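First to last, the sequence lines map onto chains G and D.
Residue numbering for the first sequence follows this note's numbering, starting at 1 and increasing by one per position.
Residue numbering for the second sequence follows this note's numbering, starting at 162 and increasing by one per position.
No residue lacks a Cβ here, since even glycine has one placed at the ideal position from N, Cα and C.
A quick note: this is a predicted structure, and the numbers were derived from the prediction, not measured.
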Amino acid sequence: MTTMLRFPLLGKRLWPTGDLAVQSLLPLLVQNRHRAFLPFKFIVDSGSGISHVSLEWARECGVIHPASGFDYRVNTAGGRVRQRRRSGWLTARLPDLAGRVFRWPCHFIEDIGTVKPVLGLAGVLNDLRLTMDGAYSNEAPYGNLLVELRSSSRGSPRPPG
Amino acid sequence: MKNQTAKSRKKSVPRRGLLPTPLAVRREVDALLKDRPASEAARRRITEEHKLRYFFGGQVVAYRQTSRGVEVLAVGYKEIRALNKRLAPEEVCLYTIDFPDHWR
């Protein structure tokens, strides 16, 4: 039997127009260098090719990150932006699937301050099937993020070394 | 004027524990759910999320869900590190670290 987890989508109104925005948030336990798993909420972004977090977040929470970086030009809705990034890995678990540990590629971005960590597609889709379902219900007025463990999962690519 | 509003809100920020529900949050949730009726539990969850935005938008905050709403345990990395040291590993999983969006 496949386990399906549901996480209600979050609706919010944007200021000053009152436009409705919908966010998909996923709670994840992320391993730090002391092998402790710390609980965070990630934005699930199907438009992001790879997960990305702030380097400051990684440092402060003790998440292992690479020492050197590279310049990267990223296309955003606001235009093309130059960032300094470091290429590494996230080791994570889902709170409701405690037995499974995932390793997903991740970019650690320098000098972006306090921002929510973002879960992109690379590696994640090898392990999880993610569905954003906007169907209304009393319990989830803006719909749900549905998360299933892929039964045929061969896991994420192993980090080098 | 804008600065005054921000300042007065900052003064009333509850730093720890359960959060009160400001009128602005109540109105925001009413507007959000106007055409999408929600169960009591869903309304409570959405209200708690908006309270975190109202009081702690743009900051890193650790909190846990209780039967009486969200309880704020730590604000800022320094306090969160201290919290992690205090708690046993199995207790750490019982709270959430989040970066609530800015209220405005």
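Coil, strand or helix - residue i by DSSP
{"i": "D:I258", "result": "strand"}
{"i": "G:K173", "result": "Limits of chain G in this structure are 1 at one end and 161 at the other, which puts residue 173 of chain G out of reach."}
{"i": "D:A235", "result": "strand"}
{"i": "G:G11", "result": "strand"}
{"i": "G:Y142", "result": "coil"}
{"i": "D:T227", "result": "strand"}
{"i": "G:W36", "result": "Note that residue 36 of chain G is Ala in the sequence shown, not Trp. Correct three-state label for G:A36: coil."}
{"i": "D:R204", "result": "helix"}
{"i": "D:H211", "result": "helix"}
{"i": "G:P16", "result": "coil"}
{"i": "G:P27", "result": "strand"}
{"i": "D:V253", "result": "helix"}
Residues near residue i in its chain [Cβ-Cβ closer than 7 Å; skip 5 each side]
{"i": "D:V236", "result": "R176, F217, Q220 and V222"}
{"i": "G:N144", "result": "R6, F7, P8, L9 and D133"}
{"i": "G:R33", "result": "G62 and I64"}
{"i": "G:P141", "result": "G11"}
{"i": "G:F37", "result": "L29, V30, Q31 and R93"}
Beta-carbon neighbours of residue i, restricted to chain G and to distances below 8 Å
{"i": "D:V253", "result": "A36, F37, L38 and P39"}
{"i": "D:T182", "result": "Within chain G, no residue comes near D:T182; the closest Cβ sits about 16 Å away, beyond 8 Å."}
Chain-order list of residues whose beta-carbon lies under 8 Å from that of residue i (same chain, five-residue window excluded)
{"i": "D:K172", "result": "Residue placement at D:K172 is flagged as unreliable, the pLDDT there being 44, under the threshold of 50; the coordinate-derived value follows with that caveat. None."}
{"i": "D:I258", "result": "V221, V222, A223 and I241"}
{"i": "G:P66", "result": "R86, S87, G88 and F108"}
{"i": "G:S151", "result": "T2"}
{"i": "D:Y238", "result": "V221"}
{"i": "D:V113", "result": "Here chain D comprises residues numbered 162 to 265, so residue 113 of chain D is not present and cannot be evaluated."}
{"i": "D:V190", "result": "R204, I207, T208 and H211"}
Chain D contact residues for residue i, given Cβ-Cβ distances below 8 Å
{"i": "G:T114", "result": "G219, Q220, V221 and F260"}
Sequence-distant residues of its chain with Cβ nearer than 6 Å to residue i (five each side left out)
{"i": "D:R214", "result": "P261, D262 and W264"}
Residue i CB to nearest heavy atom of the ligand NAD below 6 Å
{"i": "G:T131", "result": "Among the components modelled here there is no ligand, and therefore nothing to report on the ligand NAD."}
Chain-ordered chain D contacts of residue i [CB-CB under 7 Å]
{"i": "G:P27", "result": "T257"}
{"i": "G:R10", "result": "The residue asked about is misnamed: residue 10 of chain G is Leu in this sequence, not Arg. Within chain D, the residues near G:L10 are E210."}
Chain-ordered neighbours of residue i on chain G, where CB pairs are closer than 9 Å
{"i": "D:R265", "result": "W15 and P16"}
Exercise. Select from the segment 201 to 231 of chain D all residues with a C-beta closer than 8 Å to any C-beta belonging to chain G, and list them in chain order.
Key: Considering only beta carbons, the part of the segment 201 to 231 of chain D lying closer than 8 Å to chain G consists of A202, A203, R206, I207, E210, H211, R214, G219, Q220 and V221, in chain order.
Quiz prompt | Where the segment 128 to 142 of chain G meets chain D: residues whose CB sits under 9 Å from a CB there | solution = Cβ contacts with chain D: Y136, S137, N138, E139, A140, P141 and Y142.
Quiz prompt | Completely contained beta strand (DSSP E) runs for the segment 59 to 135 of chain G, where each covers 3 or more residues | solution = Within the segment 59 to 135 of chain G, the beta strand (DSSP E) runs of at least 3 residues that lie entirely inside it are, in chain order, 70 to 76, 79 to 94, 97 to 109 and 128 to 133.
Quiz prompt | Interface residues of the segment 46 to 62 of chain G facing chain D [CB-CB below 7 Å] | solution = Those residues of the segment 46 to 62 of chain G placed with their C-beta closer than 7 Å to a C-beta in chain D are E60, ordered along the chain.
Quiz item: Listed in chain order, which residues of the segment 93 to 109 of chain G have Cβ atoms closer than 8 Å to some Cβ of chain D?
Solution: Listed by position along the chain: P95.
Exercise. Determine which residues of the segment 185 to 198 of chain D have a Cβ less than 8 Å from any Cβ of chain G, and write them out in chain order.
Key: Taking 8 Å as the Cβ-Cβ cut-off against chain G, the residues of the segment 185 to 198 of chain D that qualify are E189, A192, L193, L194, R197 and P198.
Quiz item: Taking any Cβ of chain D, which residues in the segment 58 to 88 of chain G have a Cβ under 7 Å from it, in chain order?
Solution: Of all residues in the segment 58 to 88 of chain G, only E60 place a beta-carbon less than 7 Å from a beta-carbon of chain D.
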